[in-house]
Every structure is written in structure tokens, then in C-alpha cells.
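Protein chains: 2
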Amino acid sequence: MSSTPVDIKDVRAASKRIHSWVHRTPVLTCQSLNNLAGRQLYFKAENLQKTGSFKVRGACNAVFLEKESNPDSSGVVTDSSGNHAQAVAYAAKCVGLDCTVVLPRGAPKVKCDAIRGYDAEIVFCEPTPISRKETCIRVSEETGKTIIQSSDNYSVIAGQGTIALELLEEVPDLDAIIVPTSGGGMLAGIGVTVHSIHPKCQVYAVEPVGKDLQRCLEAKQRLWPNPPLYLNTVADALRLQAIGYLSFPIICEYASHRVFTVTDDQMIEGMKLSFERMKQVVEAASGAGVYAAVNLMNQVQPTAHKVGVVLCGGNVDLDNLPWLTPTITY
Amino acid sequence: MSSTPVDIKDVRAASKRIHSWVHRTPVLTCQSLNNLAGRQLYFKAENLQKTGSFKVRGACNAVFLEKESNPDSSGVVTDSSGNHAQAVAYAAKCVGLDCTVVLPRGAPKVKCDAIRGYDAEIVFCEPTPISRKETCIRVSEETGKTIIQSSDNYSVIAGQGTIALELLEEVPDLDAIIVPTSGGGMLAGIGVTVHSIHPKCQVYAVEPVGKDLQRCLEAKQRLWPNPPLYLNTVADALRLQAIGYLSFPIICEYASHRVFTVTDDQMIEGMKLSFERMKQVVEAASGAGVYAAVNLMNQVQPTAHKVGVVLCGGNVDLDNLPWLTPTITY
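Chains as they are written, first to last, in my numbering: chain U, 1 to 330; chain H, 331 to 660.
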């Protein structure tokens, strides 16, 4: 009997539902990073995933379920401006659903092009969190399209859990997995999966400075301001300060209450290590995981021998690599 | 009966000799590049190879053979300043041979560090081709160390042939393979291998402007000046103008006489495509292959359906990516 609304059966069902449409990404190893870390690191290369990030797993699961449960669906809408938007657009295209993405006015052309490349429609709104949310709800009400949230959605959480399913199939005896964390959908999905299959393995979040997840987990309380802030971080995939309402209780139950906190410079260092040693293009959020795996495990679980790291995405502006440009302030 | 001094048996023997010490690199595919090219592309990811380039295959074969044939060997020496130097240093360390690398004064610290990281000794010389050659010969005479040439060496050629052995095992029905070409060791090795296993597959060189390999192949003559020049190209792995003396006849026999010639801008475009679409860090020489596969196959073999491309290496100065910096002139 499961104590959370998402369990391993949902994750396995998600895996079956999405497997023809997403890559089973490779698990990469790198002797030089092992040497630096003093342990064996196993990198789940979601930077090589369809659409360039893990988000496509949860998006496909949620969108395909929408199509299954409602064959006459009017389509889907989302207000993510990041990897989740591309992922939802891709998922909708896979099953022939209409898709609208709400983007703030002034969103980079490269993002708009990628989204339109999957035949999704873009509706522009004011560049504020409230305008985005309101516009998304308005589109949904006017068109009947279902809103696909980026992490506060049980189907998305189950989809992200498939990362751990695959990783543990290839490396069944991991001692720990490090998960870059923003809204917490991936952390919750991986937590559920690991707890069921290999509960001895610790699941750690890695976060940017200012998120303070550890304090919330220790208190088992959402201590973030309402409305939550965007964090000032180089990792645009990690800007949400608060964990989602649905993810938070799952994370409290299944993730370690010890959290890795990294600065922008540390994320950038991890990102550059990935480029240099693994020859993998990854975004700063992935760099957070690399940095923690190489440098911070001793503080938390010094005896961990085999450590998994999710390289969560590879969508990088190659003309503005962060070790070559001053850190951007939002 | 073989008409060239390297045949498939040598390549298979090399594969057996080196396989515990080099990676069997993955063959990558990318839907978005397939769409651009209008055909199926199969990328042999030697950027993920030990030491960051394919050079380690030939270097291991040559150095291990030296150790086998002469257990009391005084070691090896090379005057390459590029990927071959690291590869020889790595190979020597694998079998416990002493290694000296002759480098021009002023060689980048990062290169020196990588070579010393494999316990090789560095001897500096003047930054001219003649001083390098002379210093290498002097070290060899004074120490008894065997010179390991970077491409003009049958054992190296056989080692590089293992790339095609692995690629054809995974994609047996390739119509063509595109090989970035400098001294020609890889092209010769791949030519020999493909001719023996799957002779219908065309083997194409891709070269920087100024090499003029096609004219030499058509004439079956070395038309390069003596001493040959270094080419002015962004791809430091492709600076040799002339094909080696041992490689040239093999290439005349087994490689297509149609050669792809690419400009610096085209190589850089191919390199950036690899970063962006495949999330693979590759050097400009690999970019030459990507560019040719995506844009130039129509000129030469428009019906080719499945095309292999060697991503020959991934050793890139991440602080000087060529699409962000003015092209360097040598």
C-alpha cells in the first residue's frame, strides 16, 4: 500500500506509455571525473533526451494520459518558458493534440522557433508570473485546453520517475542519486522510484543558493514566501524557489533531508567539467549535479561508492556560455 | 592476398591488442541532423575516446607492438604537439614504457599538463617543423627510444582501422563514411577495413581548403611541395598539408577520389551543430565531417542513405570557441 498518490506502478505505467517516444538515454562514466570525485559516478544523460531535457518524460506521460482519457480533447496549454514548454509541444505533436504555449513577450527567438517547430501555437503575455498564470488559465477557459503544469502534476512526477527506473536497471547498486531541483517533479518521481526498488540508495536534491529546501524538509513545512520568488541564478532551469504543492510531501517522505546548495560559480565549474572531461554539452542545472557529485559528497555520505547524477538537460545558449560571460542577473 | 602492406588481418589484430585499453565508442544518431541532411547519419563518437581523440587507437597499437617485439625497449618518443602526443603518452603508461614528447617552446600549459598527467617527459625545441623532427631524432639516438610517428606508420594505420570495424559491426549497410583527414592514417586504416568488409561503402576524406587531396588522388601523385606546408586552418588537428608517404598509396587504392573541401566557417558551423543538436563537444576537425555529411553529400553521392561520420576528437579550448572568437591565423 502506498502512502503517496504516486507509486512505482504509476512510474512503470509511465515507462510503458512513453517509451516509444522518448530516448532511453545512456548512462555515461568518465574516469577522470571518478578520479576527481574519489568514487564511481554514473551520469544519466538526459541532455541527449528528445527536446534536450528530461522534461519530455513527464510531459509525454501527462499529455498521452490526457489523450487516452479524453480522445476528443481540445488539446493542451502550458505557461512554462523553459524546457517543459518544448517538451509539452513535442508530446502534443506525437499524439496529434493541439498545443498552446504561453510565453512572456520578448522571449528569445530561438525558444519560439523550437516551440513552433513542434507545431505549437504561442500566445504572448506580460513578463510577470501572474500574467503568465492568468493568460494560461484564460486560454484554457476559452479553448477547453487542459493545463499541463511543469512539476505540480502527478502524471508528470510519474514520468520523471522513469529516469530512476532506467538508471537502476543499469546500475542496481547505487548508493546515492543527485537530482538538480527546481519545482521538484523530478526529485519526487525519482524518490518514489528509488524508495520502491532500492531503498538503501539516498536521493539528494542539489539546489541554487536561496532555495533553502533543507530547512523546509527538516521542518516538513513550506517556509517559502507566497507568492514564491524566482531565484537569481545562472541556471534558468532552477529558478523556481518553491517546490510544488504536490511534490513537497512526496519529497519529504522519500528524499534525503540533507540538500546540496551550490553557488553560480560552482554550477558553472560543474558545467565546464562536463564539457571538458565528458565532452557533454549540458546546461548549468546539470552542472550543479556534477559539482555536487565531484566535490560535496564527502560532507554528506563519505562512504558512498557509486553515485548517480542526472544530467538534466543540454539546452544551452552557445553564444553566451557562462564561463565566458558575466553572470546574468534577473 | 593483399596488395597493400596493411590488411584487414592487421586491423583485427590491432582490435584484439588494444581493446582493453581504449573505449568502444558509441555510434550516435540525431533526428534533427538526419532531417537537415535528408539521410541517416551515424556518428562514431571518438570525442568520447580515451585521451579525447581516435589517436589513441593507433598509438596503442604501435606502442604495444613495440613492447611485444622488444620487452627491454627503452621507450618511445614522438614530436606531435596534438592529440597524438597525449595518445602516445597514454599508451606508454598503459604498458609501463618510458615516453618523451618533443614540444615546441611556448606550447600551451594545458597540453603540457595533459602529457605530464600520463607521466611522459617533455623536451622543448624551437617552434619549427625542422627543429621538432631533429630534436625527436636526437632524443631517439641518445636514449634508444623508438619514434612513434603520428600517421606514417603501418601499426598506427591498422589501429585507426578499428574505428571502421566497430562502426560496420553496428551499421553494416553504410553507403559512405566521411573521414576528417590530415596525415591520412585514419583514412588509410578505414579504407583498408571498409574495402575488405563492405566494399560497396564509399570512404570520403574531408579536408581544409589548401590541401588539394583530390588533385593528388586523381593524379595518383604527391603534388605537395617538399617540405610540405602547414595549412592555415582553425582545425589544429588538420594542419598537415601532405598525406604521409605510407598512407598515400593505400588511400589512392581504397578511398574515393572525390574529396570534400571545407572552409573554416563551414567547419565551425559543423562544430556548432554538433554542440547544439547532438550535445557533443567536438573539435573543429570533427565539425568538418558534420558539415560535409549535412551539406555536401548531394554533390557526390546523392542516393547515399546511410552515412557514417567520424567525430574524430573533442579536445577543445573551451575559453576560445571558434564561433565566439576571431579565426586564428597561423
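Even glycine gets a Cβ: it sits at the ideal position worked out from N, Cα and C.
Computed from a predicted structure; not experimentally measured.
> Are Ala235 of chain U and Ala304 of chain U closer than 8 Å when you measure CB to CB?
Replying inline: no
> What does Phe605 of chain H touch in chain U if you count any residue whose Cβ is under 7 Å from its own?
Replying inline: Val281 and Leu318
> Below 8 Å between beta carbons: does that hold for Asp119 of chain U and Lys93 of chain U?
Replying inline: yes
>> Using the three-state DSSP reduction, which class does Phe590 of chain H fall into: helix, strand or coil?
In response: strand
> Whose CA, out of U:Thr25, U:Trp323 and U:Val316, lies closest to the CA of Val282 of chain U?
Replying inline: U:Val316
> For the candidate residues H:Thr408, H:Val639 and H:Gly644, whose alpha-carbon lies nearest to that of Ala614 of chain H?
Replying inline: H:Gly644
> Within the 8 Å Cβ cut-off, does Lys602 of chain H reach chain U?
Replying inline: yes
> With respect to the alpha helix (DSSP H) encompassing Gln86 of chain U, which residues constitute its N-terminal and C-terminal limits?
Replying inline: Asn83 to Cys94
>> Is the separation between the beta-carbon of Ala188 of chain U and that of Ile251 of chain U shorter than 8 Å?
In response: yes
> Looking at the structure shown, is Gln610 of chain H part of a helix, part of a strand, or coil, going by DSSP?
Replying inline: strand
>> Quick check: the Cα distance between Phe54 of chain U and Val524 of chain H, rounded to an integer number of angstroms?
In response: 38 Å
> Would a check of beta-carbon distances place Gly412 of chain H closer than 8 Å to chain U?
Replying inline: no
>> Our contact map puts Met496 of chain H next to Arg354 of chain H with C-beta atoms below 8 Å; I'd like the distance itself, whole angstroms only.
In response: Per the sequence presented here, residue 496 of chain H reads as Glu, with Met not at that position. About 6 Å separates the two Cβ atoms, so the contact holds.
> Is DSSP giving Glu451 of chain H helix, strand or coil here?
Replying inline: strand
>> For the region 237-262 of chain U, list every residue whose C-beta sits within 8 Å of some C-beta in chain H, in sequence order.
In response: none
>> Can you find the residues in the same chain that come closer than 6 Å, C-beta to C-beta, to Ala494 of chain H, ignoring five residues on each side of it along the sequence?
In response: Ile520, Thr523 and Val524
>> Would Leu363 of chain H and Leu603 of chain H qualify as a contact pair, given that the criterion is a beta-carbon distance under 8 Å?
In response: yes
>> Give me, in chain order, the residues of the same chain whose beta-carbon lies closer than 7 Å to that of Ile445 of chain H; leave out the 5 immediate sequence neighbours on both sides.
In response: Ala415, Gln416, Ala419, Val431 and Ile452
> Are any of the Cβ atoms in chain U nearer than 8 Å to that of Asn377 of chain H?
Replying inline: yes
> According to DSSP, is Tyr330 of chain U helix, strand or coil?
Replying inline: Note that Tyr330 of chain U scores a pLDDT of 47, beneath 50, so its modelled location is shaky; the value from the coordinates is reported in the next line. In this structure, Tyr330 of chain U counts as coil in the three-state DSSP scheme.
> Excluding sequence positions up to five away, which residues of its chain have a Cβ less than 7 Å from the Cβ of Ile268 of chain U?
Replying inline: Val234, Ala284, Gly287, Pro322 and Trp323
> What are the start and end residues of the beta strand (DSSP E) that includes Gln221 of chain U?
Replying inline: No beta strand (DSSP E) holds Gln221 of chain U; DSSP gives it neither H nor E.
> What residues of chain H sit near Pro208 of chain U, judged by a beta carbon separation below 9 Å?
Replying inline: Neighbours of Pro208 of chain U on chain H: none; closest Cβ ~22 Å, over 9 Å.
> Listed from N- to C-terminal order along the chain, which residues in the region 292-315 of chain U have their beta-carbon within a distance smaller than 7 Å of any beta-carbon of chain H?
Replying inline: Gly314
> Where does Gln726 of chain H fall in DSSP's three states?
Replying inline: This structure leaves residue 726 of chain H out entirely; chain H is present only between 331 and 660.
> Taking 8 Å as the CB-CB limit, is Leu167 of chain U close to chain H?
Replying inline: no
> Among H:Glu537, H:Lys550, H:Glu548 and H:Ala585, which one has its Cα closest to the Cα of Asn562 of chain H?
Replying inline: H:Glu537
> Hey, how far is the Cα of Leu371 of chain H from the Cα of Val637 of chain H?
Replying inline: 5 Å
> Counting only runs that start and end within the region 525-571 of chain H, where is the alpha helix (DSSP H) found for 4 or more residues in a row?
Replying inline: 543-549
> Roughly how many whole angstroms lie between the Cα atoms of Gln300 of chain H and Asn483 of chain H?
Replying inline: The requested residue 300 of chain H is not part of the displayed model; chain H covers only 331 to 660.
>> At the level of alpha carbons, what is the spacing between Phe275 of chain U and Ala205 of chain U?
In response: 22 Å
> When you compare each of U:Leu103, U:Lys109, U:Ala107 and U:Gly161 to Lys133 of chain U by their alpha carbons, which one comes out closest?
Replying inline: U:Leu103
> Taking C-alpha atoms, which residue in H:Thr381, H:Gln490, H:Asn400 and H:Ser461 lies nearest to Gly447 of chain H?
Replying inline: H:Thr381
>> To be precise: take each residue of the region 81-115 of chain U, compare its Cβ to all Cβ atoms of chain H, and keep it if any distance is under 7 Å. Which residues remain?
In response: none
>> Check for me: the alpha helix (DSSP H) holding Tyr254 of chain U runs from which residue to which?
In response: Ser247 to Tyr254
> Unbroken alpha helix (DSSP H) runs of length 4 or more, entirely within the region 141-173 of chain U: which are they?
Replying inline: 154-170
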